[in-house]
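Just remember that this note's numbering sits 8 ahead of the position in the sequence shown, which is counted from 1.
Okay, so here's the structure we're looking at.
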Amino acid sequence: MIKLTTSTDAQTIKIIPRSYATNVSLIFRDDSTNTSVTYTSSATTDKNHLVISESLSLTEGRFYDLTIKEGTDVIYKDKVFCTDQTVDQDTNNYYSVNDGEYTIDTSYDNDYIIL
């Protein structure tokens, strides 16, 4: 799975495709709305990876099916998740659906009275 952000700046996708191409089409299909958006991009190679940089328009918290084609041939398929949250498994910083939505109230002292 590839993690991308909602930023409209160019984002880099590094993949290992079935075949290496210089001009590719990126097709993003939104799983929620079942609509597709196609981007045409040029790609470069870096050792065994195909590197694609493209400015994308994605929605926070959505999953996309990514299909990369060279002409009519499919050279790569993957799942994409879009989030602006910092995700780092090394520091146990995982994605949270409730990020910024739920806060814990610490103003009480848990005292109770027994009669």
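Positions of the beta carbon are idealized from the N, C-alpha and C atoms, including for glycine.
Check	Outcome
Glu78 burial status per 10 Å Cβ neighbour count (16 or more: buried)	buried
Pairwise C-alpha distance: Met9 and Ser172	Any property of residue 172 remains undetermined from this structure, which presents the chain solely from 9 to 123.
Same chain only: Cβ atoms within 6 Å of Ile35, ignoring 5 sequence neighbours per side	Ser44, Thr46 and Thr75
Cβ distance (whole Å) where Ser63 is taken to contact Asp92 below 8 Å	Not a contact, Cβ separation roughly 16 Å.
Residue from Ser15, Ile24, Thr20 and Ser33 whose Cα sits closest to the Cα of Asp81	Ser33
Beta-carbon gap between Leu66 and Leu123 smaller than 7 Å	no
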